DNA sequence: TTGGAATGTCAACATAGCTGACCTAGACTG
DNA sequence: CAGTCTAGGTCAGCTATGTTGACATTCCAA
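Chains as they are written, first to last, in my numbering: chain P, 12 to 176; chain L, 12 to 176.
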């Protein structure tokens, strides 16, 4: 092992370091969701609605099945969320063109407006954190997060990332 | 602004980059909790029990109030979790020595065993991610996470980190 | 053309948050 | 010492979001 890369003391892999990473992840995720949660509270919506809006905004026309796989919940659970969003006029569900079993999902103007509001709040915190940490830290942050995903989720993430820029 | 630090193009702060960060956080958190969740499922315990065990292991003798503040839930919610853990003999609740209103919480041998099992699973994934990403990425990861926490949570996190190493 | 597979919906239930009200025991203070 | 505050526990009931099971519709292939 070289002294520079392979041979570093690996101090960052001690159990204590790993546990600090775990706790950092826990506390940071709370911050990460805090702002949208605050906006949603009292609106009869929750985090699940936010997630649905986010990914429909990200991939307009996506199907229920697709969304299911991304969110990792059962279709029954997603369906309840989707139903309220459709009833409230935030999401439009169109019968699939080629396959009529499918439903293609779109945000209405109103849905897009709420999504933007939530997204702005979350991005704003992200931006502060990124700015405070600097570009190199951000690159490291992304690298570690990608390595932490399950294989299937990583594939979905990368597909979204590359397909959506 | 200098060309080196203040004057970089700030590409990492574009909305698209920020949104990728948001999605990375979402997918990574799923991986982060997946292994303990798998162990817990079918045990009549959930993520809430895991969190309680973790922080009791981290700070043995902690009080209910303390745990409440760290976990950010109501006492009613925590109490339900704590009660089952005490009933099942995983956690011991001793009347406070100096202030008898307080309860000091400790893991029993059995509780410590389960905590270790959950913790090992979570650390193992963390270790793989850290190893794959390398020490510099890990440092950046931690920096961004700390910047993402709410002020109060960051204080708690740092207190745990510095007091507990 | 018919039977299986895929897509989505409805109903019922479990878990884990939450608020609000109220209790005991112990600590503190005028 | 009386009154008040604090730590913790409990009961009742609500909400959000997950689960499984049963079912309808649609598509496709034998």
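Glycine is no exception: its CB is placed at the ideal position from the N, C-alpha and C atoms.
Bear in mind the structure is a predicted one, so any value in this text is a computation, not a measurement.
Between residue i and chain P, is any beta-carbon pair separated by less than 7 Å?
i: residue 117 (chain L); result: no
i: residue 33 (chain L); result: yes
i: residue 146 (chain L); result: yes
i: residue 128 (chain L); result: no
i: residue 80 (chain L); result: no
i: residue 134 (chain L); result: yes
i: residue 140 (chain L); result: yes
i: residue 51 (chain L); result: no
i: residue 158 (chain L); result: yes
i: residue 56 (chain L); result: no
i: residue 42 (chain L); result: yes
i: residue 39 (chain L); result: yes
i: residue 46 (chain L); result: no
i: residue 29 (chain L); result: yes
Please confirm whether residue i has its beta-carbon closer than 7 Å to some beta-carbon of chain L.
i: residue 155 (chain P); result: yes
i: residue 149 (chain P); result: yes
i: residue 172 (chain P); result: yes
i: residue 93 (chain P); result: no
i: residue 89 (chain P); result: no
i: residue 161 (chain P); result: yes
i: residue 143 (chain P); result: yes
i: residue 24 (chain P); result: yes
Which whole-angstrom value describes the C-beta separation of residue i and residue j, a residue pair presumed to lie in contact below a C-beta threshold of 8 Å?
i: residue 67 (chain L); j: residue 73 (chain L); result: 6 Å
i: residue 35 (chain L); j: residue 24 (chain P); result: Wrong, their Cβ atoms sit about 22 Å apart, outside the cutoff.
i: residue 117 (chain P); j: residue 136 (chain P); result: Incorrect: roughly 27 Å between the Cβ atoms, too far for contact.
i: residue 151 (chain P); j: residue 152 (chain L); result: 5 Å
i: residue 92 (chain P); j: residue 60 (chain P); result: 6 Å
i: residue 172 (chain L); j: residue 31 (chain P); result: 5 Å
i: residue 89 (chain P); j: residue 82 (chain P); result: 6 Å
i: residue 50 (chain L); j: residue 132 (chain L); result: 6 Å
Pull up the distance between the alpha-carbon of residue i and that of residue j, whole angstroms please.
i: residue 139 (chain L); j: residue 158 (chain P); result: 8 Å
i: residue 110 (chain P); j: residue 101 (chain P); result: 24 Å
i: residue 176 (chain P); j: residue 94 (chain L); result: No answer about residue 176 (chain P) holds up, because its pLDDT of 42 lies below 50 and its placement is not dependable.
i: residue 143 (chain L); j: residue 27 (chain L); result: 25 Å
i: residue 16 (chain L); j: residue 148 (chain P); result: Since pLDDT at residue 16 (chain L) reaches only 49, below the 50 mark, its modelled position is unreliable, and no value is offered.
i: residue 169 (chain L); j: residue 119 (chain P); result: 43 Å
i: residue 42 (chain P); j: residue 113 (chain P); result: 36 Å
i: residue 103 (chain P); j: residue 71 (chain P); result: 10 Å
i: residue 121 (chain P); j: residue 55 (chain P); result: 16 Å
i: residue 123 (chain P); j: residue 98 (chain L); result: 48 Å
i: residue 162 (chain P); j: residue 160 (chain L); result: 27 Å
i: residue 146 (chain L); j: residue 115 (chain P); result: 44 Å
i: residue 79 (chain P); j: residue 69 (chain P); result: 14 Å
i: residue 167 (chain L); j: residue 40 (chain P); result: 14 Å
i: residue 84 (chain P); j: residue 48 (chain L); result: 14 Å
i: residue 86 (chain L); j: residue 76 (chain L); result: 8 Å
i: residue 63 (chain P); j: residue 21 (chain L); result: 29 Å
i: residue 141 (chain P); j: residue 164 (chain L); result: 18 Å
i: residue 45 (chain L); j: residue 58 (chain L); result: 10 Å
i: residue 130 (chain L); j: residue 127 (chain P); result: 37 Å
i: residue 125 (chain P); j: residue 125 (chain L); result: 42 Å
Considering residue i, what are the terminal residues of the alpha helix (DSSP H) in which it resides?
i: residue 164 (chain L); result: 162-174
Task: alpha helix (DSSP H) runs contained entirely in the region 25-89 of chain L, provided each spans 4 or more residues - done: 26-51, 58-69 and 75-82
Open item on the list: Please give the ranges of any alpha helix (DSSP H) in the region 109-147 of chain L, keeping only runs that are unbroken, at least 4 residues long and fully inside the region.
Closed with: 120-144
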